[in-house]
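Reading through the structure tokens given below for one structure.
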Amino acid sequence: MNSDLQHTLEVFPKNDFKNNLVNWFLAEQRNLPWRLNKDPYRVWVSEIMLQQTRVETVIPFYNKFMQLFPTVADLANAKEEKVLKAWEGLGYYSRARNLQSAVREVHEVYNGQVPNTPENISKLKGVGPYTAGAILSIAYGIPEPAVDGNVMRVLSRILTIREDIGVPKNRKIFEQAVRALISHEDPSAFNQGMMELGALICTPTNPACLLCPVREQCMAFENGLVNELPIKSKKKAPKQVELVVGVIKNKEGKFLIQQRPQTGLLANMWEFPTAELKSNLLSKGDTLGFFLNEEYKIEVEELAYHFSIEHVFTHLVWKIDVYVGNTIKESNSLTTHKWVSLEECKDLPFPVVHQKIYQQIEKSQL
DNA sequence: AATACGGGGCC
DNA sequence: GGCCCAGTATT
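Numbering (the working numbering), first residue to last: 2 to 367.
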């Protein structure tokens with residue numbers, strides 16, 4: 002173990018901290034849908050949805066998802082497209098695909114029982130060190146660390162840990178700290194209490210120290226370092242990508258949509274035909290026209306600029322020009338592209354930016 | 001060790 | 001406009 006941390010922990014009032022935290026959590030915890038019971042499957046789904054996603058955002062998705070797929074068997078037997086549709090708008094869609102894949106494994110290999118050992122649960126797709134610890138502690142009462150961004154921020158302040166919380170390997174330092182502090186009587190309340198504290202009191206900016214149940218144990222508070230901790234390195238700016246999107250209507254009034262590849266960004270989601278601008282030699286309209294001709298063998302009349310839209314992802318920015326046009330092409334349905342009405346679009350999983358496009362088109366009544 | 005992977009809400 | 005969010009998989 003990190004020797005600074007080891008020394009800190011030797012003199013740290015562990016029992017006071019643990020008792021204050023657990024009692025505060027048991028008294029003040031929010032009433033959240035995944036806290037209804039300790040069904041490991043329900044806990045699992047909530048933990049996957051909560052990855053990099055705020056509680057308030059998750060709640061409506063979680064309620065709908067549990068209604069659609071109440072048990073391991075229901076999710077295992079569902080069509081992937083239905084699962085993606087339920088995830089639509091939540092982001093990080095590989096979470097949904099990995100969750101279903103892992104649930105199918107639990108259904109088949111473990112007879113529907115979510116594994117209760119670190120070794121087995123960590124083998125499941127989409128279950129990393131945080132999620133493994135969260136399920137084991139919350140659903141099974143096993144004293145394993147569940148270190149997320151909240152826990153690193155809280156412990157950084159409580160123990161004045163100066164390791165950069167943006168560096169992945171440093172998570173292990175915080176896991177060691179949790180192992181030294183965790184309640185063995187109620188590991189669930191301890192881990193959830195750490196996260197709840199981070200969400201409600203020990204927030205990134207303007208933490209509510211005067212309301213904090215462990216202020217007496219907080220070394221950052223004692224030393225006036227609350228605003229200096231945690232230390233977190235900055236991430237680099239997202240890359241800009243210029244795209245042209247075609248909203249192409251055929252004689253039957255249906256629109257051409259395509260399915261994205263099964264790996265990478267927005268995998269398996271549906272979208273309007275999209276071409277990336279790679280050189281300045283071609284205009285945007287020509288780039289799109291050649292793409293449609295090459296990919297779908299269609300000629301489009303009056304391919305005209307309609308509007309622009311920008312969409313920001315974590316690691317890139319799409320700057321999109323949307324063009325509209327008509328074709329004499331007849332409808333036929335293939336696997337990776339379809340001709341559909343705007344109403345039919347709403348039954349398929351679309352990334353938010355393409356939802357915005359079909360909403361805009363619908364509004365302008367094309 | 002770095003990068004890919006969504007989307008929204010807050011300051 | 002940047003930061004952050006109950007992170008994980010891949011390279």
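Using N, Cα and C, we set each Cβ at its ideal position, and we do this for glycine too.
For residue j and residue i, believed in contact at Cβ under 8 Å, the rounded distance
| i | j | result |
| --- | --- | --- |
| Arg154 | Cys219 | Not confirmed; about 12 Å, so no contact. |
| Val115 | Ile143 | No, Val115 and Ile143 are not in contact; Cβ-Cβ is about 12 Å, not under 8 Å. |
| Gly134 | Asn192 | 7 Å |
| Ile258 | Lys364 | Wrong, their Cβ atoms sit about 18 Å apart, outside the cutoff. |
Residue closest to residue i, alpha-carbon to alpha-carbon, out of the options
| i | options | result |
| --- | --- | --- |
| Leu230 | Leu349, Gly150, Gly134 and Thr132 | Gly150 |
| Gly265 | His8, Asn32, Thr54 and Tyr93 | Tyr93 |
| Tyr141 | Pro188, Gln30 and Gly247 | Pro188 |
| Asp5 | Val152, Asn38, Ala178 and Gln52 | Ala178 |
| Gly225 | Lys236, Pro239 and Pro208 | Pro208 |
| Trp45 | Gln366, Leu283 and Val128 | Val128 |
| Pro350 | Ala276, Gln366, Lys80 and Glu106 | Lys80 |
| Pro169 | Thr132, Lys364 and Lys233 | Lys233 |
| Phe26 | Asn327, Met196, Ile299 and Glu302 | Met196 |
| Leu1 | Ile174, Glu120 and Tyr131 | The question about residue 1 has no answer, for the chain in this structure spans 2 to 367. |
| Trp1 | Phe70, Leu22 and Asn78 | This structure gives no information on residue 1, because the portion of the chain shown stretches from 2 to 367. |
| Glu303 | Ser342, Asn251 and Phe66 | Asn251 |
| Pro14 | Lys255, Asn281 and Val215 | Val215 |
| Phe18 | Leu182, Ala28 and Met270 | Leu182 |
| Asp348 | Pro41, Lys86, Gln259 and Val313 | Lys86 |
| Asn269 | Lys237, Ala97 and Val110 | Ala97 |
| Glu106 | Lys124, Pro119 and Glu120 | Lys124 |
| Lys357 | Lys339, Glu311, Val325 and Leu335 | Glu311 |
| Ala74 | Gly167, Ile60, Arg43 and Lys65 | Arg43 |
| Gln366 | Lys236, Ile60, Gly194 and Phe256 | Phe256 |
| Val325 | Leu335, Ala28 and Ala305 | Ala305 |
Pairwise C-alpha distance: residue j and residue i
| i | j | result |
| --- | --- | --- |
| Ser95 | Ser184 | 33 Å |
| Glu48 | Ile329 | 48 Å |
| Lys83 | Cys213 | 43 Å |
| Thr9 | Glu176 | 15 Å |
| Asn117 | Lys126 | 15 Å |
| Glu145 | Phe222 | 27 Å |
| Met50 | Leu244 | 29 Å |
| Trp35 | Asn16 | 28 Å |
| Gln241 | Lys320 | 7 Å |
| Ile202 | Ile249 | 51 Å |
| Ser332 | Asn38 | 49 Å |
| Thr337 | Val318 | 25 Å |
| Gln52 | Val323 | 32 Å |
| Val104 | Pro239 | 33 Å |
| Gly90 | Val353 | 6 Å |
| Gly254 | Ser342 | 7 Å |
| Gly199 | Gly286 | 49 Å |
| Leu22 | Ile162 | 19 Å |
| Leu293 | Thr275 | 9 Å |
| Asn24 | Asn32 | 16 Å |
| Glu296 | Ile362 | 23 Å |
| Glu120 | Pro130 | 11 Å |
| Asn20 | Thr54 | 29 Å |
| Glu277 | Val301 | 18 Å |
| Glu164 | Thr132 | 22 Å |
| Val110 | Glu217 | 48 Å |
| Glu186 | Ile139 | 12 Å |
| Ala28 | Pro262 | 48 Å |
| Asn171 | Val59 | 27 Å |
Local Cβ density within 10 Å of residue i, reported as buried at 16 or more and exposed below that
| i | result |
| --- | --- |
| Gln360 | exposed |
| Val12 | exposed |
| Asn228 | exposed |
| Phe308 | exposed |
| Gln101 | buried |
| Val148 | buried |
| Glu272 | buried |
| Leu76 | buried |
| His355 | buried |
| Thr315 | exposed |
| Ala190 | buried |
| Pro41 | buried |
Sheet register partners of residue i (DSSP bridge)
| i | result |
| --- | --- |
| Tyr306 | Tyr324 |
| Leu137 | According to DSSP, Leu137 bridges with nothing at all. |
| Ile258 | Lys339 |
| Gly129 | Beta-bridge pairing links Gly129 to no other residue. |
| Val313 | Val318 |
| Gly247 | Tyr324 |
| Thr264 | Beta-bridge pairing links Thr264 to no other residue. |
| Val242 | Trp319 |
| Ala276 | Val245 |
| Trp271 | Gln260 |
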